[in-house]
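**Q** Following this message is one structure expressed as structure tokens.
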Amino acid sequence: MAKKLVSEKAKKGRPVTVGATMLISSKWPPALVERIDQWAGTKGVGRSEAMRQLIEAGLKKPPKVGA
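Residue 30 in full-length UniProt numbering is what sits at position 30 of the sequence shown, and the numbering runs on without skipping anything.
Right, here's the structure in full:
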């Protein structure tokens, strides 16, 4: 029986996702995380989505003059 020739070597690991979001890691004070979690609970979203929404809302506001 003839061996099959494999033209491409099988790639190991997780596949690359096109258009994936960027992972940003940072440290947050526990009191602030608690406030974010409470806000997330009222909106019915997870912590990550809550942080995205809160940051987006903050960025939509014009900066304070003299700040």
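Every residue gets a Cβ at the ideal spot worked out from N, C-alpha and C, and that includes glycine. Note that the coordinates shown come from a computational prediction; the quantities given were computed from them, not determined experimentally.
Nearest to residue 47 by CA position, among 14, 34, 58, is which residue?
**A** 34
**Q** Distance, Cα to Cα, residue 82 vs residue 62?
**A** Coverage of the chain is limited to positions 1 through 67, which leaves residue 82 absent and any answer about it impossible.
**Q** With DSSP collapsed to three states, give me the class of residue 55.
**A** helix
**Q** Give the list of continuous alpha helix (DSSP H) stretches no shorter than 4 residues that lie fully inside the region 13-63.
**A** If we require 4 residues or more, the alpha helix (DSSP H) runs fully inside the region 13-63 come out as 30-43, 47-60.
**Q** Starting from the C-beta of residue 40, find all residues in its chain whose C-beta is less than 8 Å away, skip the five residues before and the five after it, and write them out in chain order.
**A** Leaving aside the five residues that flank residue 40 on each side, the residues in its chain whose CB is nearer than 8 Å to its CB run, in chain order, 46, 47, 49, 50.
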